[in-house]
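Colleague: Counting from 102, one number per residue, gives the positions in the sequence shown under this note's numbering. All residues carry an ideal CB built from backbone N, CA and C; glycine is no exception.
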Amino acid sequence: MYFNTNIKLLRKRKGRTQDDVAFALDMKRSTLSGYENQVAQPSIDVLLAFSGYFNVAVDTLLKVDLSVLSESQLTQLERGYDVYIKGSNLRVLTTTVDSNDNENIELVSEKAKAGYGTGFADPEYIKVLPAFHLPFLSRSKKYRTFQISGDSMLPIPDKSYVTGEYVVDWSFIRSHQPYIILTREEGVVFKIVENKLTDEGKLTLHSLNPLYEPFELSVSEIREVWKFVHYISSEMPEANRERDPLTETVKQLQKEVQAIQTKLNL
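1) Contact between the stretch 327-341 and the stretch 280-288 is defined here as three or more beta-carbon pairs at a separation below 8 Å; is this criterion met?
2) Does the structure place the stretch 225-243 close enough to the stretch 287-297 that three or more beta carbon pairs sit under 8 Å?
3) Do you know how far the Cα of E339 is from the Cα of L365?
4) What residue from Y103, V140 and L110 has the CA that sits closest to K164's CA?
5) Should R245 and G265 be called a contact, given that it needs their Cβ atoms to be closer than 8 Å?
6) Can you look up A150 in the DSSP assignment and give me helix, strand or coil?
7) In whole angstroms, what separates the C-alpha of I108 from that of P256?
8) Can you round the beta-carbon distance between L167 and F151 to whole angstroms, since I take them to be within the 8 Å contact cut?
9) What span of residues does the alpha helix (DSSP H) with N296 cover, start to end?
10) Could you name the residues that DSSP lists as bridge partners for G265?
11) Looking only at its own chain, which residues have a Cβ that is under 6 Å from the Cβ of Q248, when we skip the five neighbours before and after it?
12) Just confirm the distance between the C-beta atoms of L194 and K243, as a whole number of angstroms; I'd bet it's less than 8 Å.
13) Output the boundary residues of the beta strand (DSSP E) element that contains P279.
14) Could you work out which residue in K297, I293, E322 and T299 is closest to P311 when comparing CA atoms only?
15) Only counting the same chain, and skipping five residues up and downstream in sequence, which positions put a Cβ closer than 8 Å to that of K303?
16) Taking only the alpha-carbon atoms, compute the straight-line gap between L178 and F291 and give it to the nearest angstrom.
17) Between which two residues does the alpha helix (DSSP H) holding T219 run?
18) Take L230 and list the residues in its own chain whose beta-carbon comes closer than 7 Å to its own, dropping the five residues that flank it on each side.
19) Taking only the alpha-carbon atoms, compute the straight-line gap between E336 and D252 and give it to the nearest angstrom.
20) Helix, strand or coil for E179 per DSSP?
21) Identify every residue that forms a DSSP beta bridge with L304.
22) Tell me whether G188 is buried or exposed, calling it buried when 16 or more other Cβ atoms sit within 10 Å of its Cβ.
23) Tell me the residue span of the beta strand (DSSP E) that contains E207.
24) Span of the alpha helix (DSSP H) holding Q119?
Written out as structure tokens, the structure reads:
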């Protein structure tokens, strides 16, 4: 049980003293100290009081070692995105930090993707991935960059580097938005997602390129989900080209109207 270490960690993250928390929960400071030092065991009412104060589920306070969570996961937890409250399983992400304890953005290149499907939860695998920082991204969230391949997401070019924000609670996946998903069989895929997890227990994945048919992915096939943030490519985007014959016709008619108006004004 992690109750004593968890309430101490959460208290310090909120910048509260033992006196502050004890006063808020209407208990003696010595009683709170006893809980933090595992001298005293909390009752059900006390557990509920701490749960309400920190906005963290009782199950999380008891069963999850919060000290092993990343900064981004702790931040999401403190914002109320407690996966026990949501009724799903806690997903602890393997991550790396720099010398100042800031979370890195690990780069999963095309070559590294082959091993990512089995090494995504292995700290030894993750720590050898190239890592970097982007100053315009939030330090309170966790990001990872993946190199994509193929033309299924054109106009995003082949070999682009796509960065995603880690999604802890899959119920927050928004339909018709792009996500990077690690699957059991297909590896890393980058698609537009239609969220059907609540009603059907699956996602429908769509490509931007209409030549590719959508396909369905069962929740049991999902390992990680990352919300698309941006992409980097060395290729210049193609110039806009008018492909609709009707557009060309309208433009020609506009030119003819302008020519008539010019003659009438002479």
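Modeller: From the atom records:
1) yes
2) no
3) 40 Å
4) Y103
5) Taking 8 Å as the Cβ cut-off, R245 and G265 qualify as a contacting pair.
6) helix
7) In this model, I108 and P256 are separated by some 49 Å (Cα to Cα).
8) L167 to F151, Cβ: 13 Å. No contact.
9) N296 -> not in any alpha helix (DSSP H); beta strand (DSSP E) instead, spanning G288 to K297.
10) R245 and F329
11) S210, E211 and Y262
12) 6 Å
13) Q278 to T284
14) I293
15) K297, E317, L318, S319 and V320
16) 26 Å
17) K214 to G220
18) E207, L208, V209 and A213
19) 13 Å
20) helix
21) N296 and L318
22) Confidence at G188 is low in this model, with a pLDDT of 45, below 50, so the placement of that residue should be treated as unreliable; the coordinate-derived value is given next. By the neighbour-count rule (16 or more Cβ atoms within 10 Å), G188 is not buried but exposed.
23) Looking at the DSSP string, the run of the beta strand (DSSP E) that includes E207 is I206 to V209.
24) Note, Q119: alpha helix (DSSP H), Q119 to A125.
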